[in-house]
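The structure appears right after this line, and notes come after that.
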Amino acid sequence: MKFYNREIELKLLDKTRKIAFNNHSQMTVLTGRRRIGKTKLILKSCEETPTVYFFVGRSNEAQLCSQFAIASKETAYFCKRRYTNRSF
1 MKFYNREIEL KLLDKTRKIA FNNHSQMTVL TGRRRIGKTK LILKSCEETP TVYFFVGRSN
61 EAQLCSQFAI ASKETAYFCK RRYTNRSF
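Quick note: the sequence shown uses UniProt numbering, first residue 1, plus one each step.
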């Protein structure tokens, strides 16, 4: 999928990610009308970085906490494998 006129949004998300990585953790919430590419935009911005992407749907708190824990563990495992097996 091509991104038209999304350079500003991608730069803003990249800036937010750099602040979070360098200074402190940060959560980003992306909102907007349906079917305008929010999910694709966030996934594109996270392609090459260790990021937990967690979609919050209609669910109860216990299910959301469980799903978030699973997503966090999967991301941590992926990052550990990807970044510890690198040859510099």
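Virtual Cβ for every residue (Gly too), placed ideally from N, Cα, C.
Nearest to residue i by CA position, among the options, is which residue?
{"i": "residue 146", "options": "PHE68, VAL52, ARG33", "result": "The chain is shown from 1 up to 88; residue 146 falls before or after that span and cannot be answered."}
{"i": "THR31", "options": "PHE55, HIS24, LEU64", "result": "PHE55"}
What do you get for residue i, buried or exposed, if any count of 16 or more other CB atoms within 10 angstroms of its CB means buried?
{"i": "SER66", "result": "exposed"}
Using C-beta distances below 7 Å, list every residue in its chain close to residue i, excluding the 5 sequence neighbours before and after it, in chain order.
{"i": "ASP14", "result": "SER45"}
{"i": "GLN26", "result": "THR16, ILE19, ALA20"}
{"i": "LEU64", "result": "VAL56"}
{"i": "LYS11", "result": "none"}
{"i": "residue 150", "result": "Absent from the structure is residue 150, since the part of the chain shown begins at 1 and ends at 88."}
Leaving out the 5 sequence neighbours to the left and right, which residues in its chain are closer than 6 Å to residue i when beta-carbon positions are compared?
{"i": "ILE42", "result": "LEU30"}
{"i": "THR75", "result": "VAL52"}
{"i": "THR28", "result": "THR16"}
Would you kindly work out how many angstroms separate the C-alpha atoms of residue i and residue j, rounded to a whole number?
{"i": "ASN23", "j": "GLU9", "result": "21 Å"}
{"i": "GLU61", "j": "ILE70", "result": "14 Å"}
{"i": "ASN5", "j": "ARG35", "result": "16 Å"}
{"i": "GLU47", "j": "LYS40", "result": "11 Å"}
{"i": "LYS73", "j": "PRO50", "result": "12 Å"}
{"i": "GLY37", "j": "GLY57", "result": "17 Å"}
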